[in-house]
Each structure stands twice: as structure tokens, then as C-alpha cells.
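K.L.:
Numbering (full-length UniProt numbering) for the sequence shown: 1 to 292.
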Amino acid sequence: MPSTKEIRTRIKSVKNTRQITKAMELVAASKMKKAQQNASSGQAYAALLAEVLANVSDRIDGIEHPFFEKREVKKRGILVVSTDRGLCGPLNSNVFREVLKVKDEARFVTIGRKAVQFVSRNKLDLLAEFSVPDEVPYLQIKQIVEFMIEKYEAGEIDTVEVLYPRFVNTLVQEASFGKLVPISNLDDMINSLRGKDAEPYHESLDERKMKFEPDPATILSSLLPLFVNREAHQALLSARASEHSARMVAMKTAKDNASSLLDSLTLQYNKARQAAITQEILEIAAATASNG
Numbered sequence: 001m002p003s004t005k006e007i008r009t010r011i012k013s014v015k016n017t018r019q020i021t022k023a024m025e026l027v028a029a030s031k032m033k034k035a036q037q038n039a040s041s042g043q044a045y046a047a048l049l050a051e052v053l054a055n056v057s058d059r060i061d062g063i064e065h066p067f068f069e070k071r072e073v074k075k076r077g078i079l080v081v082s083t084d085r086g087l088c089g090p091l092n093s094n095v096f097r098e099v100l101k102v103k104d105e106a107r108f109v110t111i112g113r114k115a116v117q118f119v120s121r122n123k124l125d126l127l128a129e130f131s132v133p134d135e136v137p138y139l140q141i142k143q144i145v146e147f148m149i150e151k152y153e154a155g156e157i158d159t160v161e162v163l164y165p166r167f168v169n170t171l172v173q174e175a176s177f178g179k180l181v182p183i184s185n186l187d188d189m190i191n192s193l194r195g196k197d198a199e200p201y202h203e204s205l206d207e208r209k210m211k212f213e214p215d216p217a218t219i220l221s222s223l224l225p226l227f228v229n230r231e232a233h234q235a236l237l238s239a240r241a242s243e244h245s246a247r248m249v250a251m252k253t254a255k256d257n258a259s260s261l262l263d264s265l266t267l268q269y270n271k272a273r274q275a276a277i278t279q280e281i282l283e284i285a286a287a288t289a290s291n292g
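1) When you compare only the Cα positions, how much space is there between L282 and A29?
2) So, I141 versus H65, is the Cβ gap smaller than 8 Å?
3) What residues match up with K179 in a beta bridge as DSSP calls it?
4) Using a threshold of 8 Å, state whether the C-beta atoms of R107 and K70 are closer than that.
5) Could you tell me whether the region 151 to 161 touches the region 169 to 181, where touching means 3 or more Cβ pairs closer than 8 Å?
6) Starting from L127, trace the beta strand (DSSP E) both ways and give me its first and last residue.
7) Compare the Cα-Cα distances from V52 to each of Q274, L265, L220 and report the closest residue.
8) Assign N229 to one of two classes, buried (16 or more other C-beta atoms within 10 Å of its C-beta) or exposed (fewer than that).
9) Assign N38 to one of two classes, buried (16 or more other C-beta atoms within 10 Å of its C-beta) or exposed (fewer than that).
10) Taking the alpha-carbon of A46 as reference, which of P216, L91, M148, P225 has the nearest alpha-carbon?
11) Would you call K255 buried or exposed, if buried means 16 or more other Cβ atoms sit within 10 Å of its Cβ?
12) What residues in its chain sit with their C-beta under 6 Å from that of N94, if we drop five residues either side in the sequence?
13) Count the other CB atoms, across all protein chains shown, that sit within 10 Å of the CB of S238; report buried if there are 16 or more and exposed otherwise.
14) Please report how far the alpha carbon of R166 lies from the alpha carbon of Q173, in whole angstroms.
15) Exposed or buried, what is L79 when buried is set at 16 or more other beta-carbons lying within 10 Å of its beta-carbon?
16) If we count the other Cβ atoms within 10 Å of its Cβ and call it buried at 16 or more, is N16 buried or exposed?
17) Would you kindly check if the distance between the Cβ of A250 and the Cβ of C88 is under 8 Å?
18) Could you pull the DSSP bridge partners for F108 from this structure?
19) Less than 8 Å between the C-beta atoms of K151 and L127, yes or no?
20) In angstroms with no decimal places, state the Cα-to-Cα distance between residue 306 and P133.
21) Please list the terminal residues of the continuous alpha helix (DSSP H) segment that includes residue 340.
22) Comparing C-alpha positions only, which one of R8, K34, P2 sits nearest to residue 318?
23) For F212, which of helix, strand or coil comes out of DSSP?
24) How many angstroms separate the CA atom of D215 from the CA atom of S222?
25) So, for K5: in the same chain, excluding its five sequence neighbours on each side, which residues have a beta-carbon less than 8 Å away from its beta-carbon?
26) In its own chain, which residues sit with a C-beta less than 6 Å from the C-beta of K114, not counting the 5 before and 5 after it?
27) Any idea what DSSP makes of E174, helix, strand or coil?
28) Quick one: Cα of Q274 to Cα of E280, how far?
29) Report back the beta-carbon spacing between I111 and F96 to the nearest angstrom; my notes put them in contact at under 8 Å.
30) Check the C-beta distance from I20 over to Y269 and give it rounded, since I have them as a contact under 8 Å.
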């Protein structure tokens, strides 16, 4: 049995760990609430924008735009979203597991330090790396998407996809693929943005006649990039909500485990202390009996 001094040292160490994890839990919880609100409010806007695009495209015959172009996929372009810091449970590892499942030739763009480290460690084709703050500025996401669109239009990649930890609820985050370009099925995108609990969207129900000014091609050329940028921005908002939720849960679990270990060590310390006292009493009694 370890000595009382060793147990006291372990108790002090566990108390410090519990204090740190509790503080990190509170910080993550405060960030989580704001991130979840941003993801929830942004989801409605992105879904509405997708519906507007669907209504417009339904009324245009023979759409010709690079975003609708069907081409042979020789090299996928994948934007991998991760965290800059760890201590968020299996969030990043779930995303990286999906990366390893990609058997097609692909080029990767990363957001987050963990993704850069993973792609470099596995010697994958890293096209570029970016860092995005917690606030997830729209203009910064727009620049990242525009960079990938340039590579797409230049023929360096044949798809623009985003792989990110999608926020489901505080306890559940799913590694999810979202295909930004080319746009193949708007209905699927709308349903994905709406969420599983929303009523499925099948086709445009807007029967109003539309007049396009200046012309449909100009409107699409403005509306399509906006839609793609907003969908990417929504993915990043969801990823941030997932990160803070996962970190809050991980730190709460660590704090609870530290509390359980502390109780066990305290009991062990009391037993060791009681055994030491009993041993001293026996020694005193034995010495007294031998002197008598």
C-alpha cells in the first residue's frame, strides 16, 4: 500500500486537474451556447436561400453555368474542417476516419491545425491551409471558397466538397460530407440544410410568374456563388458548435472522473492513515508489555 504522503500528493494533483477541467468546461459551455445559436439561425437562412435558388432554376430552361457542369471526376477537392486545439473527445478523429476512407485521388484544403497535422502526417496532397477564428467571419470563408472555385474552374480539381463535424445536438456530432460544386441536386441540399426534423422539400411550390432583370444568366451568376459561400459558411458554423459542445462534454466527463478518483483516493488515504495509527498503538502496547 502506498504511503500517506504519496496518496496526499496524488490527491493534490487530482484536485488541480479537477479545477482546471471545471474551468475549461465553463468556458466551453459559454462558447457553446453562442455557437449553437449562430448555427441554428444560419441554418434557416441557408435553407431559404437554397429554396430561392431552386425556385429560380425551375423557371430557367437550359441552365449553363460552371457550377452545374457535369464532368468526369478525376481529382476531388475536399475542404477538411477540424479544430486548432484538442481536448474535444473523438471529434477530430471521426472526421479524419472519413478522410482515410477516400480512395479516389483527391487534393485537400484544411481549416484548423489538427487537420494540417493529419494531412501532412499521412502524406496526402495538401493544396492549402487556412485558419478561421471562433467568430467564423463570412468574408474569410468566402475567400477560402473562392480559392477552391478558382482551382475548380482551372481544372485542378473536379469537385468542391467540405468534410466537417456536423452539429446534431450537444451530445452528438457527425462527420459529414457536403458537396458544394458541382450542384447536382438542389432538393437534397435543401433537405440537408433544413435538418432531419423538418418537412422534406421536394420541388418548388411557388406558382408565381417571375420576370428576370436584367436576365436569368446574370441573376444566376450572382445567386450561385452566394449560395455556395453561404452553404460553406453554414458548415463552419455547425463545426464550431460541434467543437465547443464536444469540448464541454469532454471536460465535464474529465471533471466527473477526477471527482470519482478523488473520492477513491480519499478513502484509500483514510484507510492508510487508520492502519498507521493502529500500527503505532500496537507497537506502543507491545513496548509497554515488554517493559512491564
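Just so you know, even glycine gets a beta-carbon here, dropped at the ideal spot from N, CA and C.
P.N.:
If we stick to the structure as given:
1) C-alpha separation (whole angstroms): 53 Å.
2) Cβ atoms of I141 and H65: not closer than 8 Å.
3) Within the DSSP bridge table, the entry for K179 names E161 as partners.
4) R107 is not a Cβ neighbour of K70, given a cutoff of 8 Å.
5) Output reads yes: the region 169 to 181 touches the region 151 to 161.
6) Note, L127: beta strand (DSSP E), 126 to 130.
7) From the listed residues Q274, L265, L220, the smallest Cα separation to V52 is found for L220.
8) Around the beta carbon of N229, a 10 Å sphere encloses 16 or more other beta carbons of the protein chains shown; the residue is thus reported as buried.
9) So N38 ends up on the buried side.
10) Among P216, L91, M148, P225, the Cα nearest to that of A46 is on P225.
11) Under this definition K255 is a buried residue.
12) If we look at N94 and ignore the five residues flanking it on each side, its Cβ neighbours are A175.
13) Under the 10 Å beta carbon count, S238 is surrounded by 16 or more other beta carbons and is classified as buried.
14) Each residue's alpha carbon lies about 5 Å from the other.
15) Buried: at least 16 other Cβ atoms inside 10 Å.
16) Answer is exposed; the Cβ neighbour count stays below 16.
17) Taking 8 Å as the cut-off, the Cβ atoms of C88 and A250 count as close.
18) Answer is I78, L126.
19) Their beta carbons are under 8 Å apart, which means K151 touches L127 by this criterion.
20) Residue 306 lies beyond the stretch modelled for the chain, which goes from 1 to 292, so this question has no answer here.
21) Since the first residue shown for the chain is 1 and the last is 292, residue 340 is missing from the structure and cannot be characterised.
22) In this structure the chain extends from 1 to 292, so residue 318 is not present and cannot be described.
23) DSSP places F212 in coil when its eight states are reduced to three.
24) For D215 and S222, the gap between their C-alpha atoms comes out near 11 Å.
25) Nothing listed; no residue qualifies.
26) For K114, where only same-chain residues beyond five positions count, the Cβ hits under 6 Å are S82, T83, N92.
27) In the three-state reduction of the DSSP assignment, E174 falls in the strand class, which pools E and B.
28) Each residue's Cα considered, the two are about 10 Å apart.
29) By a beta-carbon distance limit of 8 Å, I111 does not contact F96. Their separation comes to about 14 Å.
30) In this structure I20 does not touch Y269 by the C-beta definition: roughly 22 Å separates them, more than the 8 Å allowed.
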